[in-house]
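Let me begin by presenting the structure, written as structure tokens, before commenting on it.
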Amino acid sequence: MQELASVDWSRAQFALTALYHFLFVPLTLGLSFIVAFMESLYVATGKQEWLKITKFWLRLFGINFAIGVATGIIMEFEFGTNWANYSWFVGDIFGAPLAIEGLLAFFLEATFFAVMFFGWDRVSKKFHLLSTWLVAIGSNLSAYWILIANAWMQNPVGTSFNPDTMRNEMSNFLDIALSHFGVAKFLHTVGGGYITAALFVLGISAFYMLKNKDFALSKKSFIVAASFGMLSSLFVLFSGDESAYQVAQKQPMKLAAMEGLYKGEVNAGIVAAGVLNPSKLPGDDKEPFLFEIKAPYALGLMATRGLDNFTPGIDDLVFGNEKFGIEGVDKKIEKGKIALQALKDYKLAKDANDTAAMQQAREILFGNQNMQNLGYGYLDDAKQIVPPVALTFYSFHVMVALGSYFILLFFVTLFLAMRKNLAEYKKILWLCVFSIPLGYVACEAGWIVAEVGRQPWAIQDLMPVGVAATSLAGTNIMISFALFTVLFTVLFIAEIKIMLKQIKIGF
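Written out as structure tokens, the structure reads:
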């Protein structure tokens with residue numbers, strides 16, 4: 171493994187880039203469709219008020235889109251600079267979805283982005299509307315391929331390891347592109363983006379109504395946002411359930427951390443609210459919670475899709491549970507070390523042109539699930555597979571609590587929006603304004619759950635982050651981390667200032 175300080179700084183730098191980038195992505199995903207729907211109303215009705223509404227929200231979309239692209243490009247370069255070992259090990263697989271994203275999806279949205287912004291008086295209404303829809307579709311396709319690449323890291327499928335090149339190679343593209351884990355991840359992530367965009371439009375529209383500025387146009391925007399948000403929040407409810415089920419099947423340790431579940435249970439309940447015991451460690455007898463409220467059976471149903479089924483906890487996954495056929499990490503570490511030794515033996519035999527020894531090493535490598543546990547060979551302690559439980563648990567429950575709040579908010583606002591005296595409900599309108607940041611909080615919390623919850627793995631069971639990192643001096647990474655922090659902060663402040671300037675101008 172690389173020097174710990176270097177690895178931690180590389181992780182911090184990538185986390186910084188990803189979290190900043192994810193401030194812009196959700197709004198792009200959702201606002202693109204909201205703008206397309208608004209323009210569709212303009213083309214269908216021919217009313218100039220819908221044209222004004224469309225152009226206003228399009229300007230805000232463009233500001234967000236431009237800055238989001240800048241942070242996204244930086245993040246992709248970091249795979250080569252900070253995670254070279256990872257890039258070498260899986261470049262043949264990981265590069266394919268990213269290449270498709272760049273050549274197809276991003277090319278699609280970039281091509282029609284110019285028409286959408288500058289083609290109002292140069293192309294027909296219908297072609298301009300088509301361009302707007304293609305930008306929205308392209309933005310979401312970009313998200314699809316990026317999330318498919320990320321999902322492969324968390325559930326590596328459709329690949330085979332080649333000991334001659336020491337690389338993973340793609341064996342079935344469709345298994346990767348249509349991975350159940352990846353599709354569920356995509357649907358839940360874009361759904362969160364739709365909610366974020368709906369809250370953005372809802373809150374700004376509510377602010378205009380409170381100030382009695384462009385009231386008629388604001389109310390129309392408000393109704394569109396409330397409708398879009400209501401549908402999106404219900405969609406996220408169901409996609410979240412499927413996403414959690416996939417996590418339970420492919421990453422049971424992440425699910426256990428999400429729920430603070432140390433000892434597995436049959437018909438496990440889900441924690442509706444709770445405070446973790448900070449002194450709790452895997453294998454000890456301390457209670458995991460200082461306080462908790464549970465909904466009985468809910469976790470078991472979500473994780474196993476049935477009753478009377480066992481949901482493993484952290485202790486079961488670390489130390490094993492013979493009753494339920496769960497293998498302990500110590501045995502996986504043993505298999506991983508056998509796999510690493512077989513790889514060394516294979517290389518030595520290949521250098522000596524000893525085909526018999528090569529075949530023997532190959533049989534050991536791919537026998538008895540040794541290769542599937544390769545990553546465990548780099549671990550020294552079984553407890554190393556436990557992610558930061560507190561951060562994962564609280565992030566997950568913040569996301570779930572906000573998701574429940576969003577359903578209620580959109581239901582109330584949609585109901586009130588159908589009434590003629592919406593302006594009388596000033597407290598609700600102010601609530602909409604102050605709810606704008608909550609969509610971002612929920613999305614960032616979900617991203618933390620996804621990425622922190624899978625630690626210590628860069629690739630689930632195959633490569634820990636310590637092995638994936640590039641051999642760089644910690645000082646160099648610290649300097650670039652500081653520079654990126656300044657750069658991203660400047661970009662973020664610039665976006666807010668430009669956004670506020672456009673909002674002040676109004677429709």
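Here the sequence shown stands for residues 171 to 677, where the numbers follow the numbering used here. Backbone N, C-alpha and C fix where the C-beta goes; we use that ideal spot for every residue, glycine too.
Exposed or buried, what is residue i when buried is set at 16 or more other beta-carbons lying within 10 Å of its beta-carbon?
i, result
"F288", "exposed"
"N591", "exposed"
"L579", "buried"
"G352", "buried"
"T198", "buried"
"I204", "buried"
"I233", "buried"
"I647", "buried"
"G216", "exposed"
"V637", "buried"
"E492", "exposed"
"V660", "exposed"
"A214", "exposed"
"D449", "The sequence shown places Ser at residue 449, not Asp. With fewer than 16 Cβ atoms within 10 Å of its Cβ, S449 is classed as exposed."
"M423", "buried"
"N338", "buried"
"L670", "exposed"
"L317", "buried"
"M633", "buried"
"M286", "buried"
"R624", "buried"
To the nearest angstrom, how far is it from the Cα of residue i to the Cα of residue j?
i, j, result
"K514", "F259", "16 Å"
"I307", "E279", "8 Å"
"A376", "F356", "30 Å"
"G272", "F283", "15 Å"
"P458", "H191", "34 Å"
"E246", "F235", "17 Å"
"L348", "F276", "20 Å"
"V499", "Q554", "9 Å"
"I668", "L642", "37 Å"
"A418", "K596", "43 Å"
"K501", "F331", "21 Å"
"V559", "V488", "14 Å"
"A587", "L228", "23 Å"
"A571", "F392", "23 Å"
"T640", "R181", "11 Å"
"D291", "V305", "18 Å"
"M171", "A512", "For M171, the predicted structure reports a pLDDT of 47, less than 50, and the residue's modelled location is therefore unreliable. A value from the coordinates is still provided. Roughly 18 Å separates the two Cα atoms."
Beta-carbon of residue i versus every beta-carbon of chain D: anything under 7 Å?
i, result
"G250", "Going by chain labels, chain D is absent from the structure shown, which holds only one protein chain."
Report, in whole angstroms, the separation of the C-beta atoms of residue i and residue j, which I expect to be a contact under 8 Å.
i, j, result
"L510", "L477", "About 42 Å separates the two Cβ atoms, so there is no contact after all."
"T281", "G609", "In fact, because the Cβ distance is near 29 Å, the residues do not count as touching under 8 Å."
"L469", "G439", "6 Å"
"L193", "T655", "With 8 Å as the limit, L193 and T655 do not qualify as a contact, their Cβ atoms being about 14 Å apart."
"S202", "S309", "5 Å"
"S413", "A321", "About 10 Å separates the two Cβ atoms, so there is no contact after all."
"L431", "G399", "About 32 Å separates the two Cβ atoms, so there is no contact after all."
"Q324", "N252", "Wrong, their Cβ atoms sit about 19 Å apart, outside the cutoff."
"M379", "K389", "6 Å"
"A615", "S565", "4 Å"
"F387", "F207", "Note that residue 387 is Leu in the sequence shown here, rather than Phe. About 15 Å separates the two Cβ atoms, so there is no contact after all."
"L299", "S176", "The pair is not a contact, with the Cβ atoms about 51 Å apart (cut-off 8 Å)."
"G361", "V327", "Rounded, the Cβ-Cβ distance is 23 Å, inconsistent with contact."
"I577", "N540", "Their Cβ separation, rounded to whole angstroms, is 47 Å, which puts I577 and N540 out of contact at 8 Å."
DSSP on residue i, reduced to helix/strand/coil?
i, result
"W627", "strand"
"M528", "helix"
"L487", "helix"
"M633", "strand"
"T640", "coil"
"A206", "helix"
"A473", "helix"
"A465", "strand"
"F459", "strand"
"F677", "coil"
"M669", "helix"
"M245", "helix"
"F194", "coil"
"M648", "helix"
"M340", "strand"
"Q172", "Model confidence at Q172 stands at a pLDDT of 49, short of 50, so the residue's coordinates are unreliable and nothing is read from them."
Residue i: beta carbon under 6 Å from a heavy atom of the ligand PLP?
i, result
"G444", "Among the components of this structure there are no ligands whatsoever, and the ligand PLP is therefore not found."
Query - beta strand (DSSP E) runs wholly inside the region 365-452, at least 3 long, in chain order - result: Taking only runs of at least 3 residues, the beta strand (DSSP E) segments lying wholly in the region 365-452 are 440-446.
Query raised in the report: If you scan the region 272-338 from start to end, which runs of the alpha helix (DSSP H) of 4 or more residues do you find wholly inside it?
Result: Fully enclosed alpha helix (DSSP H) runs of 4 or longer: 276-288, 295-324.
**Report entry** Within the region 558-633, ranges of the alpha helix (DSSP H) (whole runs, at least 4 residues)
**Finding:** Fully enclosed alpha helix (DSSP H) runs of 4 or longer: 559-587, 596-604, 606-622.
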